[in-house]
Each structure stands twice: as C-alpha cells, then as structure tokens.
Amino acid sequence: MHENLNKAMVTNRTFTMLKPDSVEKGNIGAILEKITASGFRIVALKLTQMTTADAQAFYEVHSERPFYGELVEYMTRGPIVSAILEKDNAVEDFRTLIGATNPAEAAEGTIRKLYAASIGENAVHGSDSDENAAIESAFHFSGREQF
Ligand code: CMP
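At the far end of the sequence shown sits residue 425, using the working numbering, and the numbering has no gaps.
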C-alpha cells in the first residue's frame, strides 16, 4: 500500500533546466509561463551556475558521445534555472510540451520549437523517466528546497 502510494507520487514529478541559452536570451519568464499555463505546479525553483564537475556528473550517461565536451561547456557557460514540476503524468507530458531534442524536428508550439536554436543548444531539459526525474531532482535540490 505504501509502496504504491510512493510510486504514484513519483510519477507526478519531473525535473527541468532552462539551459544557459534560455537565460541569455531573456526567455525565463516566457518559458515558465508556458510551463505553468500547461498545468505544471512549480515544486522547486532556482537560478544557479553548474561547475564543470557538476555538468560532467549530470551528463555522465553521455560521456562517450562525441558531443560530451561541447555539452559540458555549453551547460556551464552561464546560469541555468532548475525546477521540479508536478502534474499527473509529469515526465511524459513535459516531454511532449518541450518537443523533440532537435528543434528542427520539434512540433509547432513546443518550447524547443519556439525557443531552441539547435540540437546542442536546445533551451530546456526534461527528465526521460520517473527514475531519472528523482535522481536529477536530488542532484539539484535538497529536501528543504522542495514544496
Ligand atoms: P537533453 O536531451 O536535455 O540532454 C542531453 C543533451 O545533449 C541534449 O539535451 C542536447 O543539449 C545535447 N545533445 C544531444 N544530441 C546532441 C548532438 N547530436 N549534438 C550536440 N549536442 C547534443
């Protein structure tokens, strides 16, 4: 019973970052507005700058990819906005809202279609599973920063 309860709660949350290009272009307000207008509740929110070690650890899963160095450099070049979001079916619905990794392939009206420049500088991150949402949320936020 408790296990089911916990699972249901985790399923309702996802983790996002508005990446350095979004902050540089002044798109924080517009993107957060789109997120909340789409029914997500902000559970945690802050502006920080990742260190190289932070970005290397966060993107460890991509460490063998040819774009890893470029990705770490991009993600550390300026502040990001990180957030935890809550909604039924949060992970999947948020990935629909942000659109395909490559903005050229993203659907009309999605955040990446509207605000991303390229596959590398793609404006926002969204967790790809409930498990990763929990891991990524814990990477960026302490329990006391979540509401
Ligand atoms: P995201 O899906 O949030 O997390 C992995 C990131 O790696 C991705 O966003 C892009 O920012 C970046 N990425 C993915 N594919 C490529 C690629 N082919 N070239 C450069 N960067 C990429």
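Using N, Cα and C, we set each Cβ at its ideal position, and we do this for glycine too.
In the displayed model, Lys-297 falls within coil according to three-state DSSP, outside both helix and strand.
Ala-322 sits close to Ile-362, with the two beta carbons spaced by under 9 Å. The count of Cβ pairs closer than 8 Å, one atom from the region 333-348 and one from the region 380-392, stays below three, leaving the stretches out of contact. Relative to the ligand CMP, the beta carbon of Phe-372 is positioned no closer than 8 Å to any heavy atom. Remark: the shortest separation between the CB of Arg-355 and any heavy atom of the ligand CMP does not fall under 8 Å.
Apart from the 5 residues on each side of it in sequence, Phe-419 sits with its Cβ closer than 7 Å to the Cβ of Ala-322 and Ile-362 in its chain, given in chain order. When only Cα atoms are considered, Tyr-352 and Glu-399 end up about 8 Å apart.
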